[in-house]
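Trainee:
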Amino acid sequence: DVKVTQSSRYLVKRTGEKVFLECVQDMDHENMFWYRQDPGLGLRLIYFSYDVKMKEKGDIPEGYSVSREKKERFSLILESASTNQTSMYLCASSGGTVGTEAFFGQGTRLTVV
Amino acid sequence: GQNIDQPTEMTATEGAIVQINCTYQTSGFNGLFWYQQHAGEAPTFLSYNVLDGLEEKGRFSSFLSRSKGYSYLLLKELQMKDSASYLCAVSLRSNDYKLSFGAGTTVTVRA
Chain A
1 DVKVTQSSRY LVKRTGEKVF LECVQDMDHE NMFWYRQDPG LGLRLIYFSY DVKMKEKGDI
61 PEGYSVSREK KERFSLILES ASTNQTSMYL CASSGGTVGT EAFFGQGTRL TVV
Chain B
114 GQNIDQPTEM TATEGAIVQI NCTYQTSGFN GLFWYQQHAG EAPTFLSYNV LDGLEEKGRF
174 SSFLSRSKGY SYLLLKELQM KDSASYLCAV SLRSNDYKLS FGAGTTVTVR A
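Respectively, the protein sequence lines represent chains A and B.
According to my numbering, the first sequence holds residues 1 to 113 in order.
According to my numbering, the second sequence holds residues 114 to 224 in order.
1. Checking 7 Å against the spacing of the C-beta atoms, do A/Q75 and B/Y210 come in under that value?
2. Does DSSP put B/M89 in a helix, a strand or coil?
3. Going by alpha carbons, who is nearest to B/R223 out of B/E190, B/A202 and B/F146?
4. Applying the criterion that 16 or more other CB atoms from any shown protein chain within 10 Å of the CB defines a buried residue, is A/H29 buried or exposed?
5. Starting from B/Y148 and walking both ways along the beta strand (DSSP E), at which residues does that stretch end?
6. Between A/K57, A/D38, A/G99 and A/S80, which has its C-alpha nearest A/K13's C-alpha?
7. Report buried or exposed for B/Q132, applying the criterion of at least 16 other Cβ atoms within 10 angstroms of its Cβ.
8. Between which two residues does the beta strand (DSSP E) carrying B/V203 extend?
9. Since A/M88 is in the beta strand (DSSP E), which residue starts that stretch and which ends it?
10. What residue range is occupied by the uninterrupted beta strand (DSSP E) comprising A/D28?
11. Verify the CB distance criterion: does A/L43 have a CB-CB separation below 7 Å to chain B?
12. Beta-carbon separation of B/W147 and B/L186 under 7 Å?
13. Please decide whether B/P120 counts as near chain A, where near means a Cβ-Cβ distance under 7 Å.
14. Can you give me the C-alpha to C-alpha distance between B/L159 and A/I77, rounded to a whole angstrom?
15. Taking DSSP's pairing of strands, which residues face B/T221 in a bridge?
16. Nearest chain A C-beta to B/G215 closer than 7 Å, yes or no?
17. List the DSSP bridge partners of B/M193.
18. Quick test of the definition: if touching needs 3 or more C-beta pairs under 8 Å, does the segment 62 to 70 of chain A touch the segment 40 to 50 of chain A?
19. For the structure I just gave you, are there three or more beta carbon pairs, one from the segment 83 to 94 of chain A and one from the segment 32 to 39 of chain A, closer than 8 Å?
20. Using a Cβ cut-off of 7 Å, pull out every chain B residue sitting near A/S7, in sequence order please.
21. Just curious, the beta strand (DSSP E) that B/V163 is in, first and last residue?
22. Taking 7 Å as the cut-off, decide whether the C-beta atoms of B/N116 and B/Q138 are in contact.
So, in structure tokens, the structure goes:
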């Protein structure tokens, strides 16, 4: 069974903290994505990576950075967490052919207080 | 920016049919995905349309009209387990794996 695993289901962090969200996939996929999901706004792409050490900004990259040192792992970093980054964060991966489905992790619900 | 519109909520009765519409105005278009997301769970893939027409997969069908910027997801013989959010997503370019999502349609199936 294919799997995208996010390190935490729930996180509570303080304003100003540096936050790491980890995602691991076991499908040898080239592409990995970080989205945030907010009510009424749907999924919005933060960053994606199409290869190790390669990254590209999505629609809302401000306040975030990413790291992909190994093919199976894609990390999202909140350099200095703020309350407006309270959200559900979803990681996804997909293979190297356009039109193939993306597989999503279970999500991390982050609350910044 | 990309504009992908779908209704916020729909309610239907068990055994009935529901059609979820999605219209899009985007800077490019390669194909359209539908995903299902149960509350508290990850989205899961339902369908992908790149050519005009209807694609049928069991109780679920998806339709695309590229010229009209329009798609729908048809759910037949509704079951209680079909209560979920349905996400429409557009792939913008043929060499790009990024997706732009609509806000999702929450479908509630009543007995």
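Virtual Cβ for every residue (Gly too), placed ideally from N, Cα, C.
Since the model is a prediction, treat every value here as computed from it, not as a measurement.
Mentor: To lay it out plainly:
1. In the sequence as displayed, the identity of residue 75 of chain A is Ser instead of Gln. Cβ atoms of A/S75 and B/Y210: not closer than 7 Å.
2. Here chain B has residues from 114 to 224 only, and residue 89 of chain B is not among them.
3. Of the listed residues, the one whose Cα sits closest to B/R223 is B/E190.
4. It is buried - the Cβ of A/H29 has at least 16 other Cβ atoms within 10 Å.
5. For B/Y148, the enclosing beta strand (DSSP E) starts and ends at G144 to Q150.
6. Nearest of A/K57, A/D38, A/G99 and A/S80 to A/K13, Cα basis: A/S80.
7. So B/Q132 ends up on the exposed side.
8. Per DSSP, B/V203 belongs to the beta strand (DSSP E) from A197 to S204.
9. Counting along the chain, A/M88 sits inside the beta strand (DSSP E) bounded by residues S87 to S94.
10. Looking at the DSSP string, A/D28 is not in any beta strand (DSSP E), and its letter there is neither H nor E.
11. By this cut-off, A/L43 is an interface position.
12. The Cβ atoms of B/W147 and B/L186 sit closer than 7 Å to each other.
13. Taking Cβ atoms only, chain A never reaches closer than 7 Å to B/P120, which makes this a no.
14. If you draw a straight line from the Cα of B/L159 to the Cα of A/I77, it is about 30 Å long.
15. In the DSSP assignment, B/T221 forms a beta bridge with B/T124.
16. Output row for B/G215: interface = yes.
17. Its beta-bridge partners do not exist; DSSP assigns none.
18. These segments touch.
19. In short, these stretches touch, since the Cβ pair count reaches three.
20. Neighbours of A/S7 in chain B, taken as residues whose beta carbon is under 7 Å from its own, are absent, since the nearest beta carbon is some 15 Å off.
21. In the DSSP assignment, B/V163 falls outside any beta strand (DSSP E), carrying neither H nor E.
22. Going by C-beta atoms, B/N116 is nearer than 7 Å to B/Q138.
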